[in-house]
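Here the structure is laid out as structure tokens; the discussion comes afterwards.
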Amino acid sequence: MIGVFDSGSGGLTILNALRKNFPSQDFIYLGDHARAPYGHRSNERIVNYTAQACDFLMGKGCDLVILACNTAAAIGGRTLQQNWLPLNYPDNRVLGVLVPMVEAVTGVPWHHETPQEDGPKKHIGLFATKKTVESGSYHREVMKRAPDITLTQHACPGLVDAIEGGAGLKPLTGLIGGYVEEMREMAGCTPDAVVLGCTHFPLVEDCFRLFLGEDIPIYSQPTIVSESLANYLERHSKFRQPGSGKVDLFTTGLEGKRETLAKFLPDDLTTFKSIKL
Numbered sequence: 001m002i003g004v005f006d007s008g009s010g011g012l013t014i015l016n017a018l019r020k021n022f023p024s025q026d027f028i029y030l031g032d033h034a035r036a037p038y039g040h041r042s043n044e045r046i047v048n049y050t051a052q053a054c055d056f057l058m059g060k061g062c063d064l065v066i067l068a069c070n071t072a073a074a075i076g077g078r079t080l081q082q083n084w085l086p087l088n089y090p091d092n093r094v095l096g097v098l099v100p101m102v103e104a105v106t107g108v109p110w111h112h113e114t115p116q117e118d119g120p121k122k123h124i125g126l127f128a129t130k131k132t133v134e135s136g137s138y139h140r141e142v143m144k145r146a147p148d149i150t151l152t153q154h155a156c157p158g159l160v161d162a163i164e165g166g167a168g169l170k171p172l173t174g175l176i177g178g179y180v181e182e183m184r185e186m187a188g189c190t191p192d193a194v195v196l197g198c199t200h201f202p203l204v205e206d207c208f209r210l211f212l213g214e215d216i217p218i219y220s221q222p223t224i225v226s227e228s229l230a231n232y233l234e235r236h237s238k239f240r241q242p243g244s245g246k247v248d249l250f251t252t253g254l255e256g257k258r259e260t261l262a263k264f265l266p267d268d269l270t271t272f273k274s275i276k277l
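Under full-length UniProt numbering, the first residue of the sequence shown carries the number 1, and numbering increases by one thereafter.
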């Protein structure tokens with residue numbers, strides 16, 4: 001069983017991609033909707049919330065949990081892997097969405113933390129939440145491996161709330177158009193490629209494309225994370241336990257948010273079970 005966790009609904013974009021890639025794999029999804037978004041939380045609280053979520057999923061039989069939330073992965077991923085897991089679930093694993101994106105951008109495996117010789121010289125733009133940008137995780141990990149890359153980061157305040165709140169095309173394009181223009185001003189150019197560093201943002205990838213143009217590559221997390229997990233499971237087959245393709249959905253509270261879930265969920269997934277962490 002593989003668990004997928006997000007502070008809200010964005011991680012469902014990851015779950016959908018994983019289901020396509022692993023149709024016989026059983027999954028459990030947990031959205032901490034009652035305490036979302038995590039962006040204004042302290043680092044300590046984000047780590048604690050993420051640990052609670054992982055504890056729930058592992059208690060349900062998940063040997064492997066994907067942190068499908070950039071904020072949780074950037075702030076809490078390493079702490080959980082190094083400190084929490086060995087004490088609580090030493091045989092289990094926690095993976096995050098940040099690692100596959102860094103590998104995709106740099107072309108360097110995660111375990112290589114020394115600068116790449118003759119590495120790529122390109123300008124990458126990162127659109128993410130304020131908390132992810134402030135964590136510095138993307139910049140730090142990219143620079144370790146590919147210091148010749150220029151990474152310009154830009155927070156997108158209000159975009160997650162607009163997506164989860166069901167904002168229409170006009171306000172979304174207005175927000176995203178502003179972010180892209182601000183990115184160009186910060187970078188002094190149009191980046192060579194762009195990372196959508198939030199699992200909500202693939203839902204509005206077409207809006208980013210509208211302002212970036214057709215020639216700018218966009219690194220979007222669902223496909224990259226799904227491909228990375230396939231590679232991981234080839235190397236660690238004990239975590240791949242084919243089942244019937246069953247998916248269970250859990251939430252800490254969807255009051256006032258159920259109508260907006262339609263954009264995240266395929267037709268065969270509609271029922272969330274409520275829990276308290």
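C-beta atoms are modelled at their ideal positions from N, C-alpha and C, and glycine is treated no differently.
Residues in its own chain within less than 8 Å of residue i by CB, not counting five upstream and five downstream?
{"i": "G158", "result": "L175"}
{"i": "residue 282", "result": "This structure does not reach residue 282, given that the chain is present from 1 up to 277, and the question cannot be answered."}
By a C-beta neighbour count over all protein chains shown, 10 Å radius and 16 as the cutoff for buried, is residue i buried or exposed?
{"i": "T271", "result": "exposed"}
{"i": "C207", "result": "buried"}
{"i": "M58", "result": "buried"}
{"i": "G136", "result": "exposed"}
{"i": "D6", "result": "buried"}
{"i": "E141", "result": "buried"}
{"i": "A230", "result": "exposed"}
{"i": "H33", "result": "buried"}
{"i": "S274", "result": "exposed"}
Leaving out the 5 sequence neighbours to the left and right, which residues in its chain are closer than 7 Å to residue i when beta-carbon positions are compared?
{"i": "K263", "result": "L203"}
{"i": "A74", "result": "L98, T132, S135, S137"}
{"i": "A187", "result": "H123, G125, T152"}
{"i": "residue 278", "result": "With the chain represented from 1 up to 277, any question about residue 278 goes unanswered, as that position is not in the structure."}
{"i": "Q52", "result": "L277"}
I need the DSSP call for residue i, collapsed to helix, strand or coil.
{"i": "A193", "result": "strand"}
{"i": "I66", "result": "strand"}
{"i": "A36", "result": "coil"}
{"i": "H139", "result": "helix"}
{"i": "T129", "result": "coil"}
{"i": "P242", "result": "strand"}
{"i": "A155", "result": "strand"}
{"i": "S274", "result": "strand"}
Cutting at 6 Å between CB atoms, please list the residues of its own chain near residue i, excluding the five before and the five after it.
{"i": "residue 290", "result": "Residue coverage of the chain in this structure runs from 1 to 277, which leaves residue 290 outside it and unanswerable."}
{"i": "D192", "result": "K122, H123"}
{"i": "V47", "result": "G76, T79"}
{"i": "C156", "result": "F127, Y179"}
{"i": "D148", "result": "G119, K121"}
Taking 7 Å as the cut-off, is the C-beta of residue i nearer than that to any heavy atom in the ligand COA?
{"i": "I216", "result": "The ligand COA is not part of the structure shown, which contains no ligands of any sort."}
Checking 8 Å against the spacing of the C-beta atoms, do residue i and residue j come in under that value?
{"i": "G31", "j": "T251", "result": "yes"}
{"i": "A36", "j": "G8", "result": "yes"}
{"i": "T152", "j": "M183", "result": "yes"}
{"i": "P222", "j": "I14", "result": "yes"}
{"i": "L196", "j": "E185", "result": "no"}
{"i": "R145", "j": "V108", "result": "yes"}
{"i": "S24", "j": "P242", "result": "yes"}
{"i": "S237", "j": "D26", "result": "no"}
{"i": "Y89", "j": "L249", "result": "no"}
{"i": "R19", "j": "V225", "result": "no"}
{"i": "Y38", "j": "A72", "result": "yes"}
Q: Mind the definition here: the region 128–135 touches the region 207–225 only if three or more C-beta pairs lie below 8 Å; say whether that holds.
A: no
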